[in-house]
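Throughout the sequence shown, residue numbering follows this note's numbering, covering 1 to 85 in sequence. C-beta: ideal position from N, C-alpha, C; glycine also. The structure appears right after this line, and notes come after that.
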Amino acid sequence: MKITMKDGQATVEAEDLGPLLGLAPADVQEQMRNGTITSRFETGVGEDAGRYRLTFHHQGRRVRLTCTEDGTVLTTTRTSDGRTK
């Protein structure tokens, strides 16, 4: 998996994100639009400079991707986030 980085924005393909959240890729975009999937994009500072963290929440699941400036994914974690929505 690789994240596309362009103009300070990160894009993850639905084909990559969907299975991590337990969704069909075709459902990802609609669920992001309606707020069922939420996300956060963070830029590393200090010793983490040059790294980015993307976090996605969906129905009690959290997926966190840490990547480099060129979009290479360094780590992927999936956990329960305790949220029900």
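Can you say whether residue i is buried or exposed, counting buried as having 16 or more other CB atoms within 10 angstroms of its CB?
i	result
Ala26	exposed
Leu54	buried
Ala14	buried
Going by DSSP in three states, residue i sits in which element: helix, strand or coil?
i	result
Asp81	coil
Is the Cβ-Cβ distance between residue i and residue j less than 8 Å?
i	j	result
Ala24	Gly18	yes
For this session: Can you check the stretch 48-79 for any beta strand (DSSP E) of at least 3 residues that lies completely inside it and give the ranges in chain order?
Result: Within the stretch 48-79, the complete beta strand (DSSP E) runs of at least 3 residues fall at 51-58, 61-68.
Exercise. Along the chain, which unbroken stretches of the alpha helix (DSSP H) at least 4 residues long are found entirely within the stretch 1-45?
Worked result: At a cut-off of 4 residues, the continuous stretches assigned as alpha helix (DSSP H) that sit fully inside the stretch 1-45 are 14-21, 25-33.
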